[in-house]
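Presented below is the structure to which this report refers.
Residue numbers (the numbering used here): 23 to 281.
This is how it looks when you write it as C-alpha cells:
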C-alpha cells in the first residue's frame, strides 16, 4: 500500500500511546479513521482533536477482548465508510512478576487484551477486507498486529506478557502465510517495538473490576512494576517515531517491523 489518501484505517488502543500516533499520522495522510479504545474520556479527547484537524472520524468505546465488541466495531466501520483498508490491532496491557505468582485474573486480563484482542481483530477484519476485495478489483488491505520485542525474547518477570506477545507473532506469521495461500490482496505485518515511552506501564488503570487482584502485590510484582516504569520511560524511540517507521514498513510491504 503506497497511497493512503481516502483509505480507511481501524485502530484499536487509539486513545493513547502508539495508537494515538498511528491515528495522527493516518489523519495527516488523508485517511478516514475508525478509532477504538476502552478509555471513554481519552477516546473522546483524541476524536475531538482529530476532527478539529479536518479528519473524518468514527470512534467507539470497545473492549477488544470481547468478540462481540470487535464485530460491532467492524459493522459500524462498514456502515460509515463502506470498506476497511488498514487495521492496527494495537490495544494492549502489561503485567509483571514471577510467573508462578501471577493470578488467574492476570492471565485472563493480559491474554484477553493482548492476544484475544488480536485474534478477534484478525478473525473479524480479515473477512471484512476479503469482502471489500470481492467488490473492488483495486482493493488494497494491510493488517498490522502490535507484538513486542518480548514476542521474540523472554525477559524475566514478564511471563504473562511474554506469552501473549509470542502468540501474536505466531498468529501474524500464520496470517501472512494464509493470505499468500489464497492470493489475497491483503498484507500482514507484526510490529515488535522495544521500550517506548507510553502509558503501558500504567495499564492497570484500565483493568476491569471483575479481573482485579484484591490481595497485596508480591515483592516480585512490585519490583517488576518499578523496573517496567523505568524501562518504558527510558525508551529512546518515541511513539511518533514508531508510527513513522510502521507506515514506512507498510509502504514497503515489510512483515517484521522492529524499532
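Yeah, the Cβ is synthetic: ideal placement off N, Cα and C, and Gly gets one too. The structure displayed is predicted, hence computed values, not measured ones.
Query - Beta-ladder partner(s) of residue 110, from DSSP - result: For residue 110, the beta-bridge partners assigned by DSSP are 33 and 166.
inquiry  = Going by DSSP in three states, residue 210 sits in which element: helix, strand or coil?
reply    = DSSP places residue 210 in strand when its eight states are reduced to three.
Would the region 200-211 count as touching the region 232-252 if we require 3 or more Cβ pairs under 8 Å? Contact fails: fewer than three Cβ-Cβ distances are below 8 Å.
Need the endpoints of the beta strand (DSSP E) that residue 97 sits in, please.
That residue, residue 97, is in no beta strand (DSSP E); its alpha helix (DSSP H) goes 89-103.
> For residue 81, which residues does DSSP report across the bridge?
Replying inline: In the DSSP assignment, the residues bridged to residue 81 are 57.
*If you check the beta carbons only, do residue 132 and residue 186 fall under 8 Å apart?*
Closer than 8 Å, so yes.
Which residue marks the beginning of the beta strand (DSSP E) containing residue 279, and which one marks its end? Where residue 279 is concerned, the enclosing beta strand (DSSP E) stretches over 278-280.
*Integer-rounded CB distance, given that residue 72 should sit under 8 Å from residue 55*: Residue 72 and residue 55 do touch by the CB rule: their CB atoms are close to 6 Å apart, below 8 Å.
DSSP bridge partner residues for residue 180 (one or two, in chain order):
BP columns for residue 180 point to 119.
Which residue marks the beginning of the alpha helix (DSSP H) containing residue 132, and which one marks its end? Residues 126-132.
inquiry  = Do residue 281 and residue 183 have their beta-carbon atoms positioned less than 8 Å apart in this structure?
reply    = In this structure, residue 183 keeps its C-beta atom at 8 Å or more from the C-beta atom of residue 281.
**Outcome for residue 159 when other beta-carbon atoms lying within 10 angstroms are tallied against a minimum of 16** = Exposed is the call here.
Return yes when the Cβ of residue 174 is within less than 8 Å of the Cβ of residue 190, no when it is not. If you check the CB distance, residue 190 and residue 174 do not come in under 8 Å.
| task | Could you spell out the range, first to last residue, of the alpha helix (DSSP H) harbouring residue 62? | result | First-last of the alpha helix (DSSP H) with residue 62: 62-74.
Review point. With 16 other CB atoms within 10 Å as the buried threshold, where does residue 97 fall?
Key: Taking every protein chain shown into account, the CB of residue 97 has fewer than 16 other CB atoms within 10 angstroms, so this residue is exposed.
query = Where does residue 264 fall in DSSP's three states?
reply = In the structure shown, residue 264 falls within a helical segment according to DSSP collapsed to helix, strand and coil.
Are the CB atoms of residue 64 and residue 81 within a distance shorter than 8 Å? No.
Could you tell me if the beta carbon of residue 229 falls within a distance shorter than 7 Å of some heavy atom in the ligand HEM?
Although the ligand HEM was asked about, the structure shown includes no ligands whatsoever.
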